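Written below as structure tokens is the structure these notes are about.
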Amino acid sequence: MYLVGTQINELIKSGELIIRPLLQPEQVGELAVDLRLGTDFLLSLQGRHSAIDVSNYYNANPSSSFFQETRRLVGEGFLFHPLQTVLCSTLEYIKLPNDVFLSLTMRSSYSRLGLSISSIVQPGYCGCVSMELTNVNNTPVKITVGSRIAQARFFQLEKATDYFHTERKYICQVRPEVSLAINDTEREILEKIKNKFLK
Amino acid sequence: MPKNNFIVVTSLSASLESYSFNPSLSDDLIYKLIENDYAIKFNYRLIQITLPRYFVHDYLSNVVLYHELGHFIDLKFKIFETIIVNKIIDKTLPYYTKEPLKEGHIIQRYYHCMEHFADLFAAQYIGDCTNHVLNYIAFNARESQTHPATSTRIKIVNDFLNKKYSDAIISEIFKETKSRTSQQLEIRFVDLPTDDFKNFVPYELRNISELHSIFITGWKFWKEEKNEVIQKHGRDNAYKVVNNLIEKSISNYIVTNSWNK
Chain A
1 MYLVGTQINE
11 LIKSGELIIR
21 PLLQPEQVGE
31 LAVDLRLGTD
41 FLLSLQGRHS
51 AIDVSNYYNA
61 NPSSSFFQET
71 RRLVGEGFLF
81 HPLQTVLCST
91 LEYIKLPNDV
101 FLSLTMRSSY
111 SRLGLSISSI
121 VQPGYCGCVS
131 MELTNVNNTP
141 VKITVGSRIA
151 QARFFQLEKA
161 TDYFHTERKY
171 ICQVRPEVSL
181 AINDTEREIL
191 EKIKNKFLK
Chain B
1001 MPKNNFIVVT
1011 SLSASLESYS
1021 FNPSLSDDLI
1031 YKLIENDYAI
1041 KFNYRLIQIT
1051 LPRYFVHDYL
1061 SNVVLYHELG
1071 HFIDLKFKIF
1081 ETIIVNKIID
1091 KTLPYYTKEP
1101 LKEGHIIQRY
1111 YHCMEHFADL
1121 FAAQYIGDCT
1131 NHVLNYIAFN
1141 ARESQTHPAT
1151 STRIKIVNDF
1161 LNKKYSDAII
1171 SEIFKETKSR
1181 TSQQLEIRFV
1191 DLPTDDFKNF
1201 VPYELRNISE
1211 LHSIFITGWK
1221 FWKEEKNEVI
1231 QKHGRDNAYK
1241 VVNNLIEKSI
1251 SNYIVTNSWN
1261 K
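See below:
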């Protein structure tokens, strides 16, 4: 079931849905909640290594070595250079009920500048919502930290789920984190299969 | 210099033991020299504190920054400079021992008193949090030329928090702090429940006292014996969770305050 503004406000009021900080009540619109650009960023860097290798469990350089961490104050500008991947997160910390998931898209005003995102956040999630933004425009775009750049649509399921029924890699994250794909459990199985064939 | 014209800046060091206060830019001397030679006037003063890069997001460990700030206050108001001139040199300051101080111990006692003041300054805001960190990094450490024994430091902080002012050094610190700063050393934190951390959400802090107290709440959560978060998600995850939630509680407070002003 798609949740509209009044239903979202009821969930917030009852404490089932937590959005902190909700700087303006008007962020909750008729169909979605506007979310703001957070203060922390991880910028992709071009270094001496040829690739970010998440296929090599033992010898690869960590993903973090391909990103630079930086922070801006709310109200400062952040420059999105063309084709540079920027990991950032929403200013708002969100805790979803166990039967509500969230779909995140850019607000159209920012899509028109060349930024796009499409992401699903699972029921029960808690943390700032991660955004992987790339400016596909050929011109740098400067955006004020704290601007309402994304919108979240909420959907209620018929049955509740348990977010922690499997081990989670990202719990209560409050700033962007680099990919932990190399920690995926199937990596070991795939490694064994590869070694079996190579023998 | 008005008290709001000081800016705390932190630098990150590769060393794991590099919590320190750098006094070089906190004194007026360097600013006066620059003004005289180059006619540049500075409206702000810097308080430089160094912390290990590895611990940049480790807020439970970073409570010791309050202690480092205490060193700045001590230096700025010349609290222990006064004590040492008035009391230690003429050997009238009773200390841990009733034996008279030997000449070689004077500098050591001076350093130790500075550490006690910084500990008490921190304890005003974050209670016994620095004790927890001391127990991790310097458990049972004996006294050195620059630092008192860990057990002595913990006792003096606990005495202060329990309002036992019988120790001579605490009395002297109280007296001289009041005299030099016109402010009393006092408890400035409040008790916050750990519920929000257990529910994986940051606090909505309402005032400065609660802002300081978030570190105490973090430590209380981390040291809880039957901590369900640790039991269910493991110590590594729980440690990350509590640090993240402290960070977000503080940044939300700053953002919300700025927004509402």
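The listed protein sequences derive, respectively, from chains A and B.
130 is the number that our numbering gives to position 130 of the first sequence; each next residue is one higher, with no gaps.
Position in the second sequence counted from 1, then plus 1000, gives you our numbering.
For every residue, glycine included, the Cβ atom is placed at its ideal position computed from N, Cα and C.
The structure displayed is predicted, hence computed values, not measured ones.
Alpha carbon of residue i to alpha carbon of residue j, nearest angstrom
i                       : j                       : result
residue 1044 of chain B : residue 1004 of chain B : 9 Å
residue 1259 of chain B : residue 1038 of chain B : 39 Å
residue 9 of chain A    : residue 28 of chain A   : 7 Å
residue 1202 of chain B : residue 193 of chain A  : 43 Å
residue 1178 of chain B : residue 1216 of chain B : 26 Å
residue 1066 of chain B : residue 76 of chain A   : 28 Å
residue 19 of chain A   : residue 90 of chain A   : 11 Å
residue 1110 of chain B : residue 1074 of chain B : 12 Å
residue 1125 of chain B : residue 1135 of chain B : 19 Å
residue 1164 of chain B : residue 1176 of chain B : 17 Å
residue 63 of chain A   : residue 94 of chain A   : 26 Å
residue 52 of chain A   : residue 1237 of chain B : 26 Å
residue 127 of chain A  : residue 1064 of chain B : 27 Å
residue 1138 of chain B : residue 1059 of chain B : 18 Å
residue 186 of chain A  : residue 1117 of chain B : 54 Å
residue 1219 of chain B : residue 16 of chain A   : 26 Å
residue 1046 of chain B : residue 1154 of chain B : 30 Å
residue 25 of chain A   : residue 1086 of chain B : 59 Å
residue 1224 of chain B : residue 1251 of chain B : 25 Å
residue 1269 of chain B : residue 1172 of chain B : There is simply no residue 1269 of chain B to check, as chain B begins at 1001 and stops at 1261 in what is shown.
Assigned exposure category for residue i - 16 Cβ within 10 Å defines buried
i                       : result
residue 189 of chain A  : exposed
residue 1016 of chain B : exposed
residue 158 of chain A  : exposed
residue 1019 of chain B : buried
residue 197 of chain A  : exposed
residue 1235 of chain B : exposed
residue 13 of chain A   : exposed
residue 37 of chain A   : buried
residue 1 of chain A    : exposed
residue 1261 of chain B : exposed
residue 65 of chain A   : exposed
residue 1127 of chain B : buried
residue 165 of chain A  : exposed
residue 1156 of chain B : buried
residue 1243 of chain B : buried
residue 47 of chain A   : exposed
residue 1146 of chain B : exposed
residue 31 of chain A   : exposed
residue 118 of chain A  : exposed
When the options are compared against residue i, the one with the closest alpha-carbon
i                       : options                        : result
residue 1187 of chain B : B/1252, B/1123, B/1141, B/1108 : B/1123
residue 1013 of chain B : B/1052, B/1213, B/1023, B/1027 : B/1052
residue 98 of chain A   : A/124, A/81, A/55              : A/124
residue 80 of chain A   : A/166, A/24, A/43, A/182       : A/43
residue 130 of chain A  : A/137, A/121, A/138            : A/121
residue 69 of chain A   : A/33, A/106, A/39              : A/39
residue 1192 of chain B : B/1071, B/1249, B/1059, B/1112 : B/1249
residue 1246 of chain B : B/1230, B/1206, B/1211         : B/1211
residue 1266 of chain B : B/1253, B/1120, B/1068, B/1026 : What the structure shows of chain B is the stretch from 1001 to 1261, and residue 1266 of chain B is not part of that stretch, so it cannot be assessed.
residue 34 of chain A   : A/174, A/46, A/185, A/21       : A/21
residue 115 of chain A  : A/155, A/140, A/48             : A/140
residue 1256 of chain B : B/1221, B/1205, B/1239         : B/1205
residue 1190 of chain B : B/1184, B/1200, B/1208         : B/1208
residue 1008 of chain B : B/1173, B/1069, B/1181         : B/1069
residue 1031 of chain B : B/1023, B/1022, B/1042, B/1021 : B/1042
residue 135 of chain A  : A/146, A/110, A/145            : A/110
residue 1160 of chain B : B/1182, B/1197, B/1119, B/1079 : B/1119
Alpha helix (DSSP H) segment containing residue i, residue limits
i                       : result
residue 202 of chain A  : Given that chain A is displayed from residue 1 to residue 199, the structure contains no residue 202 of chain A and the question cannot be resolved.
residue 1232 of chain B : 1228 to 1233
residue 122 of chain A  : Here residue 122 of chain A belongs to no alpha helix (DSSP H), and DSSP marks it neither H nor E.
residue 1168 of chain B : 1168 to 1181
residue 110 of chain A  : 108 to 111
residue 1021 of chain B : Premise fails: residue 1021 of chain B lies in the beta strand (DSSP E), 1020 to 1022, not in any alpha helix (DSSP H).
Beta strand (DSSP E) segment containing residue i, residue limits
i                       : result
residue 93 of chain A   : 85 to 95
residue 146 of chain A  : Careful: residue 146 of chain A lies outside any beta strand (DSSP E) and carries neither H nor E.
residue 1048 of chain B : 1045 to 1052
residue 71 of chain A   : 67 to 71
residue 1010 of chain B : 1006 to 1013
residue 36 of chain A   : 33 to 44
residue 23 of chain A   : Where residue 23 of chain A is concerned, there is no enclosing beta strand (DSSP E), given that its DSSP letter is neither H nor E.
residue 77 of chain A   : 77 to 80
Query raised in the report: Using a beta-carbon distance cut-off of less than 8 Å, what residues from the stretch 135 to 157 of chain A approach chain B?
Result: 146
Query raised in the report: What residues in the stretch 158 to 186 of chain A have a beta carbon less than 9 Å from any beta carbon of chain B?
Result: 164, 167, 168, 171, 172, 173, 174, 175
Report task. May I ask you to list, following chain order, the residues of the stretch 1174 to 1202 of chain B that have a beta carbon less than 8 Å from some beta carbon of chain A? Result -> 1199, 1200, 1201, 1202
Query raised in the report: Along the stretch 95 to 106 of chain A, what residues have a CB closer than 9 Å to any CB found in chain B?
Result: 95
Query raised in the report: Of all the residues that make up the stretch 1227 to 1242 of chain B, which are near chain A by a beta-carbon distance shorter than 8 Å?
Result: 1232, 1233, 1237, 1240, 1241
Query - Residues of the stretch 13 to 25 of chain A with Cβ closer than 8 Å to any Cβ of chain B, in chain order - result: 18, 20, 21, 23
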